[in-house]
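Protein chains in written order, with UniProt numbering: chain E, 1 to 413; chain A, 1 to 274.
Here the structure is laid out as structure tokens; the discussion comes afterwards.
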């Protein structure tokens, strides 16, 4: 795949040497971790320049993950929305099928890349945080693949609501450590993963699951996930002979979204929408850091955070455990501030509706995270002309969410 | 630097007595704001030389369970940033000569801007600030504002801070250098005495700043052993545990424990002199 060339005034040349995306990003970690993240930066630069690293990554993505995954024209979804739209309206909707990857989501793209880096650094142990368990499962999977010892930190509340994924991780040979501190969710599992890392820096690699954390994580996670956007670009040119008019992706930390957006940032004709979890609505409990937060420092980076006037982090809420985080990757904060990407809130109820509509219309049960993006597409597509093209990142499959959804719909299983 | 530099004055006084300075940590507002002044007074009455006052944060990533719980107790009882500065100013009024250092995390410190924070520190009589998650690479966030307000930005050196990196840590460090004895979180593992001695020797060869050692120091015996080589000994989690057990009745227990720590440091100094 050929990459587009980054121009001097490109939006694709971030971050700077110190890991800043405009005013965001950076390296806000305890001194104990600084030498390690500086070494990681060095190792990553060397890996990036090494064709052998790229070749091994590409081969694993092809034979193990199952890439490239399809770009699928969602005909029934498109037609159903057109039927409700004014004449001549109703954009064509494609789905990028990340849910068809091994382990059922985009998370594995990043885990393979980071496991290769761990091996280069001679680390035999990996740790990760997880919310819904998707990143935990993907990390446990690559740990098995590479023969690494694996510990997964997971909020006690999430251990309870995501039992099938907890069992999957254990089957894969990982140890799942329930985190009881704070609100016992994703943010707290990240705190405890950082605490474990700082105590075991000599032999442990931290596989961060999203495009956040201290530099160079936001950059390297984005690069590993950019395979999504590069494939989408090639597939769209192949199918339609042109670039899409709009990309839509869900944003928690935002790794699937930045992976899809980044290869298109310098194409002004391509609009982009990142979909934040608005939970019970922006006036209630939610997880929309851009719509309802402010710039601050947490988990190694400066970014938009849900916080009070004293800078205390406030609890996030989303029906989707994977979006239940009070922050967002720093590159999204920057893209939001410069206006290159628009961010749109979608509530729990809207996501639940779209979870069901996509299942019925296309025979695809989306992850609740992805259902947020589908909901946004259902609102936006009817306002666009029928000759416009939207690509939605179907970042994960919904099998993990059936219990949550059944519960929300009042169905006894 | 401040005209009356309480930190350097106190380190010099301790040195003249042939002993290490005793630096004690508690979290502001733990268990609540009303109970904190008596606990701070108990630290001083027990013989603490320098007070580290923790600014509570919801997500104290560098702290072990003891101090994490203290943070949550404090926030749970409603402590606000304005309370932390009120406690500091109140302490300064009662103890004009005892150095006070704020320790905490970047987000609560910077949420209203570094200049605001530095001004508040200056007004409240705070002598130094330890910001756990702002390494030298991000000094611009807080360092210049503190220096302009004559407040010492205290830097941390750790077992992973190698010789190549140490100059970057020392560049812009002031007040004292805080050596984190273990690669880890507060209150958990204890470092071997030999590794502490090697580290302190290495740091003292590189800087004229006083070197204080903390993380994992829990007993008078350990404090005395570290006091033989370092200019200061920091005890945090062990005191915070006492506050955790006794709540707003903790002051006398805190004072007894601090007195035992101080006694061990003084005794060790007398032995060395004799």
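Every residue gets a Cβ at the ideal spot worked out from N, C-alpha and C, and that includes glycine.
| Asked | Found |
| --- | --- |
| Cβ-Cβ separation, residue 218 of chain A to residue 238 of chain A (assumed contact under 8 Å), whole Å | 4 Å |
| Between the CA atoms of residue 286 of chain E and residue 26 of chain A - distance to the nearest angstrom | 34 Å |
| For residue 234 of chain E and residue 2 of chain E, the rounded distance between their alpha carbons | Because the pLDDT of residue 2 of chain E is 43, which lies under 50, any placement of that residue in the model is unreliable, and the question is left without a value. |
| Residue-level contact to chain A via CB, residue 254 of chain E, 8 Å cutoff | no |
| Per-residue DSSP class, three states only, for residue 37 of chain A | helix |
| Chain-ordered neighbours of residue 324 of chain E on chain A, where CB pairs are closer than 8 Å | Those do not exist, as residue 324 of chain E stays about 15 Å from chain A at its closest Cβ, beyond 8 Å. |
| Nearest candidate by alpha-carbon position, reference residue 301 of chain E, set E:211, E:126, E:207 | E:211 |
| 7 Å Cβ cut-off: residues of chain E touching residue 134 of chain A | 28 |
| Of the listed residues E:50, E:220, E:15, nearest to residue 109 of chain E (C-alpha basis) | E:220 |
| Residues of the segment 264-297 of chain E with Cβ closer than 7 Å to any Cβ of chain A, in chain order | 296, 297 |
| Whole-angstrom distance between residue 393 of chain E and residue 369 of chain E, CA atom to CA atom | 10 Å |
| Secondary structure of residue 276 of chain E, DSSP reduced to three states | strand |
| Same chain, Cβ closer than 7 Å to residue 44 of chain E, neighbours up to 5 away in sequence not counted | 117, 216, 220 |
| Through-space distance from residue 255 of chain A to residue 321 of chain E, alpha-carbon basis | 46 Å |
| Neighbour-count burial assignment, residue 1 of chain A, 16 or more Cβ in a 10 Å radius | Any reading at residue 1 of chain A needs caution, since the residue's pLDDT is 47, under 50, leaving its predicted position unreliable; the model's value is listed next. With fewer than 16 other Cβ atoms within 10 Å, it is exposed. |
| DSSP three-state assignment for residue 163 of chain A, whether helix, strand or coil | coil |
| Within 9 Å of chain E by C-beta, residues of the segment 51-73 of chain A in sequence order | 56, 57, 58, 59, 60, 61, 62, 63, 64, 65, 68, 69, 72 |
| Residues bridged to residue 313 of chain E (per DSSP) | E:307 |
| Pair within 8 Å by beta-carbon distance, residue 446 of chain E and residue 185 of chain E | Shown here, chain E extends from 1 to 413; a query on residue 446 of chain E therefore has no answer. |
| Residue 21 of chain A burial status per 10 Å Cβ neighbour count (16 or more: buried) | buried |
| Exposed unless 16 or more other CB atoms sit within 10 angstroms - verdict on residue 27 of chain E | buried |
| From E:23, E:13, E:16, residue whose alpha carbon lies closest to that of residue 296 of chain E | E:23 |
| Validate contact between the segment 176-193 of chain E and the segment 127-134 of chain E using beta carbons, cut 8 Å, 3 pairs | yes |
| Residue 63 of chain E CB to nearest heavy atom of the ligand NAD below 7 Å | Because no ligand of any kind appears in the structure shown, any question about the ligand NAD cannot be addressed here. |
| Interface residues of chain A facing residue 14 of chain E [CB-CB closer than 8 Å] | Going along chain A, no residue has its Cβ under 8 Å from residue 14 of chain E, so there is no contact; the nearest lies around 17 Å. |
| Cutoff 6 Å; reference residue 190 of chain A; Cβ partners in own chain excluding five residues on either side | 216 |
| Interface partners of residue 106 of chain A on chain E, CB under 9 Å | 28, 296, 297, 298, 302, 311 |
| Nearest residue (CA-CA) to residue 40 of chain E, options E:208, E:85, E:65, E:140 | E:208 |
| Same chain, Cβ closer than 7 Å to residue 56 of chain A, five either side skipped, listed in chain order | 27, 28, 29, 71, 74, 75, 79 |
| Collapsed DSSP secondary structure at residue 67 of chain E in the structure displayed | coil |
| Residues, ordered as in the chain, of the segment 179-209 of chain A that lie near chain E by beta-carbon distance below 9 Å | 180, 182, 183, 184, 185, 188, 189 |
| Residue 9 of chain A: contacting residues in chain D (beta-carbon distance under 9 Å) | Included in the structure are the protein chains E and A, with no chain D among them. |
| Beta carbon of residue 69 of chain A nearer than 8 Å to that of residue 244 of chain A | yes |
| Backbone CA spacing between residue 200 of chain A and residue 224 of chain E [nearest angstrom] | 42 Å |
| Through-space distance from residue 7 of chain A to residue 229 of chain A, alpha-carbon basis | 19 Å |
| Residue burial classification, residue 135 of chain A (beta-carbon count within 10 angstroms, cutoff 16) | buried |
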